[in-house]
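A.B. asks:
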């Protein structure tokens, strides 16, 4: 996702703004990328797309990178903000597993502060 990272380095250039978040079963394999488009300051995202790989890492998949870049171009995105690391499990609480519980498929994340990159409580 080199071309996407380049866009992040440009800093804030206005709206629409895209947020890019990486998820994976551990903090070293990104199996999912989620991209949300925020049209104006203070607005809720008006578009959200997710790409998932069963094998491999989304960060090295050229096809996914091109689809993300096409989404940004189509929406006239001016600013891209991206998580610097993988921020959690790719499965969705309340959808893939019950609310308030840990994902049974991603034990790595249980008890971890996904924002601080630290384990346990």
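Numbering (the numbering used here), first residue to last: 87 to 207. The C-beta atom is built at its ideal place from N, Cα and C for all residues, glycine as well.
1) If you drop the 5 nearest sequence neighbours on each side, which residues of the same chain put their C-beta closer than 7 Å to that of residue 200?
2) Quick one: give me the first and last residue of the alpha helix (DSSP H) that residue 151 is part of.
3) Have a look at residue 88 and residue 187 and give me their C-alpha separation to the nearest angstrom.
4) If you follow the beta strand (DSSP E) that residue 103 is in, where does it begin and where does it stop?
5) Measure the CB-CB distance between residue 177 and residue 191 and report whether it falls below 8 Å.
6) Considering only the beta carbon of each residue, do residue 155 and residue 103 sit closer than 8 Å?
7) In three-state DSSP terms, what is residue 170?
8) DSSP three-state call for residue 137: helix, strand or coil?
9) Out of curiosity, what's the CA-to-CA distance linking residue 168 and residue 101?
10) Going by C-alpha to C-alpha distance, which of 117, 110, 125, 129 sits closest to residue 160?
11) For residue 183, which residues from the same chain have a beta carbon less than 7 Å from its beta carbon, with the 5 sequence-adjacent residues on both sides left out?
12) Measure from the alpha carbon of residue 111 to the alpha carbon of each residue in 142, 149, 99, 133, then state which is nearest.
13) For residue 164, which residues of its own chain have a beta-carbon under 8 Å away from its beta-carbon, when the five flanking residues on both sides are left out?
C.D. replies: Let me spell this out:
1) Excluding residues within five positions, the ones whose Cβ falls inside 7 Å are 173, 174.
2) For residue 151, the enclosing alpha helix (DSSP H) starts and ends at 148-160.
3) Their backbone Cα atoms lie some 35 Å apart in a straight line.
4) DSSP places residue 103 inside the beta strand (DSSP E), whose first and last residues are 103-109.
5) Yes, these two residues count as a Cβ contact at 8 Å.
6) No, Cβ-Cβ distance for residue 155 and residue 103 is not below 8 Å.
7) In the three-state DSSP reduction, residue 170 falls in the strand class (E or B).
8) The answer is strand: DSSP assigns residue 137 an E or B state.
9) Using only the alpha carbons, I get a separation of about 15 Å.
10) Nearest C-alpha to residue 160 among 117, 110, 125, 129: 125.
11) Within the same chain, and ignoring the five residues on either side of residue 183 in sequence, the residues whose Cβ sits closer than 7 Å to its Cβ are 177, 189, 190.
12) Comparing Cα-Cα distances from residue 111 to each of 142, 149, 99, 133, the minimum goes to 142.
13) The beta carbon of residue 164 sits closer than 8 Å to the beta carbons of 99, 100, 101, 102, 103 from its chain, once the five residues preceding and following it are set aside; these are given in chain order.
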